[in-house]
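In our numbering, the protein residues as written are 25 to 274.
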């Protein structure tokens with residue numbers, strides 16, 4: 025009997041979100057007590073949940089199709105996304121020196137950006153918007169090389185005190201994602217200076233609400249409809265995983 029993918033995707037996404045939040049919370053609680061083995065177990069659980077969400081969002085219509093697509097998608101994801109993230113997370117957790125850990129954390133940024141880039145059509149672009157500055161004068165900007173996707177380099181700096189900057193920083197401070205399905209339908213003050221993208225999703229890069237955010241993970245596309253509601257949770261999870269990796273200080 026045919027099954028609507030949204031009914032499957034929504035229920036699975038909610039369950040997956042709760043599981044991931046539990047994993048991240050457990051990781052933070054044990055960050056300074058359990059050591060690298062605990063981190064590996066936590067990251068593995070979160071990534072496994074991410075796999076479930078991906079598989080549930082693929083528009084399957086029958087149980088037979090679900091089984092076939094699940095096997096194919098699982099192999100592709102393990103090769104292209106989950107295995108690299110898992111490997112780098114583990115290396116960060118067991119790094120014995122601060123310079124080695126910082127180098128690996130920089131590599132983790134690139135791995136997560138590439139993973140985010142794999143969401144959506146080929147012309148989707150992903151970037152890391154890092155936060156800088158003090159309260160009242162903060163900025164979100166993409167450092168050189170911290171992006172992947174189509175040719176246009178992300179050059180916009182989102183400044184506190186401007187409509188677009190305040191909107192993103194408010195989303196980051198509240199630890200909430202932001203999805204704009206059609207920028208042309210937004211108020212004028214929220215529209216970009218260029219027309220290189222028409223839709224985007226951003227999510228905070230932070231391990232938990234109580235920990236300072238490192239910035240925002242963003243994906244955008246030049247075509248309306250390229251990104252969808254079920255992509256939001258995936259970006260959220262990637263942002264939490266990156267935030268957790270960057271929070272490791274020992």
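Beta carbons: idealized from backbone N, C-alpha and C, even for Gly.
In this structure, residue 198 sits away from residue 222, with a CB-CB distance that is not shorter than 8 Å. When rounded, the separation of the alpha-carbon atoms in residue 205 and residue 107 is 30 Å.
When C-alpha distances from residue 180 are compared across 214, 147, 200 and 159, the shortest belongs to 214. Cβ contact annotation for residue 161 (same chain, cutoff 7 Å, sequence separation greater than five): 184, in chain order. Looking at the backbone, the Cα of residue 137 and that of residue 191 are separated by about 22 Å. Membership of residue 113 in the alpha helix (DSSP H) is indicated by the continuous run 107–118. A Cβ-Cβ contact shorter than 8 Å links residue 251 with residue 243. Put simply, the backbone Cα of residue 228 is about 12 Å away from that of residue 151.
Between the C-alpha atoms of residue 182 and residue 173 there is a straight-line separation of about 20 Å. Here residue 132 carries a helix assignment [DSSP, helix/strand/coil]. The Cβ-Cβ distance between residue 220 and residue 202 does not fall below 8 Å.
Under the DSSP definition of a beta bridge, residue 166 lacks any partner. When 153, 233 and 231 are compared, the shortest CA-CA separation from residue 170 is found for 153.
CA-CA distance, residue 235 to residue 141, rounds to 26 Å.
Short of 6 Å from the beta carbon of residue 208, and not among the five residues preceding or following it, lies no beta carbon of its own chain. For residue 156, the three-state secondary structure derived from DSSP is strand. Secondary structure of residue 202 (DSSP, three-state): strand. Residue 109 sits away from residue 255, with the two beta carbons spaced by 8 Å or more.
With contacts defined by Cβ atoms closer than 8 Å, residue 132 and residue 266 form a contacting pair. Where residue 263 is concerned, the enclosing alpha helix (DSSP H) starts and stops at 254–271.
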